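Asks: If you read the protein sequences in the order shown, they are chains P and B.
Counting from 76, one number per residue, gives the positions in the first sequence under the numbering used here.
Counting from 136, one number per residue, gives the positions in the second sequence under the numbering used here.
By construction, the Cβ of each residue, glycine as well, lies at the ideal position given by its N, Cα and C atoms.
Keep in mind it's a predicted model, so treat the numbers as computed, not measured.
Below: one structure in structure tokens.
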Amino acid sequence: AQSVAQPEDQVNVAEGNPLTVKCTYSVSGNPYLFWYVQYPNRGLQFLLKYITGDNLVKGSYGFEAEFNKSQTSFHLKKPSALVSDSALYFCAVRDPFSGGYNKLIFGAGTRLAVHP
Amino acid sequence: AAGVIQSPRHLIKEKRETATLKCYPIPRHDTVYWYQQGPGQDPQFLISFYEKMQSDKGSIPDRFSAQQFSDYHSELNMSSLELGDSALYFCASSPRTSGGASTDTQYFGPGTRLTVL
């Protein structure tokens, strides 16, 4: 069964420092991977996705993510964190080969707190 | 840029009542998805529609039904509401690309917060 794991409930980073939010996945075929961010009382905002090609994907607001097939990971990164990046981050996967290809399977979410 | 519109944004109902949530996708998006996010939980897929036909079904209770209309907007109908139905309900939409539905990005609306008392 397809699944996504975000091993950290919360990540604390000082403003200006690099940040990493971890995500690992388990799917039967080649995964399609997504990152979304959720601000309080707001919907999910799309950040970036990996479908195929270059393992380093660049997205919105200076975020990027690296797909690592051998480690089945898709960690979200940003070189220099901003206080405004503080939010809830969700990793999601789509496995087109296991049926139900429309749905996104989300991880539990990681709360990012960036301190001034 | 236009986003997904959901109405109402907040809804309070009593147990055993019914509720209807509406979703208006981004213009030229033909696929609509519904998700339920309980307190402190990740979003769970309920159901999706493509070109007015149900395309996929997740963990949607039999008390819930949904449809997509000719203008591509969608409605989620919820009957015999239970306390456990209290959640944030998201609608998302995506365009149909040449890569197929699996590669499409889903763009989410702000959600409808349903509280069942």
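(1) Say the cut is 7 Å; is the CB of B/Ser-194 nearer than that to a heavy atom of the ligand ATP?
(2) Could you name the residues of the same chain whose beta carbon sits closer than 8 Å to that of P/Gly-182, not counting the 5 residues immediately before and after it, in chain order?
(3) Once the 5 residues before and after B/Phe-199 are set aside, which same chain residues still bring their CB inside 6 Å of it?
(4) Helix, strand or coil, according to DSSP, for B/Leu-218 in the structure here?
(5) What is the rounded straight-line gap between the Cα of P/Ser-159 and the Cα of P/His-190?
(6) Measuring straight from C-alpha to C-alpha, what distance separates B/Ala-201 and B/Phe-225?
(7) Going by the DSSP bridge assignment, what does B/Thr-271 pair with across the sheet?
(8) Give the DSSP-derived three-state secondary structure of P/Tyr-107 in the structure shown.
(9) Helix, strand or coil: which one does DSSP assign to P/Asp-129?
(10) Taking Cβ positions, are B/Thr-166 and B/Ser-142 nearer each other than 8 Å?
Replies: Taking the geometry as given:
(1) The model depicted lacks the ligand ATP and carries no ligand whatsoever.
(2) So the list reads Val-79, Ala-80, Gln-81, Cys-98, Phe-165, Cys-166 and Ala-167, once near-sequence residues are dropped.
(3) Excluding sequence neighbours, B/Phe-199 sits near Met-213.
(4) DSSP, read as helix, strand or coil, puts B/Leu-218 in helix.
(5) Straight across, the Cα-Cα distance linking P/Ser-159 with P/His-190 is about 10 Å.
(6) For B/Ala-201 and B/Phe-225, the distance between alpha carbons rounds to 13 Å.
(7) Residue 271 of chain B cannot be examined here, being either before or after the span of chain B that is shown, 136 to 252.
(8) Correct three-state label for P/Tyr-107: strand.
(9) Looking at P/Asp-129 - three-state DSSP - the assignment turns out to be coil, as it is neither helix nor strand.
(10) It is not a contact, given that the beta carbons lie outside the stated cut-off.
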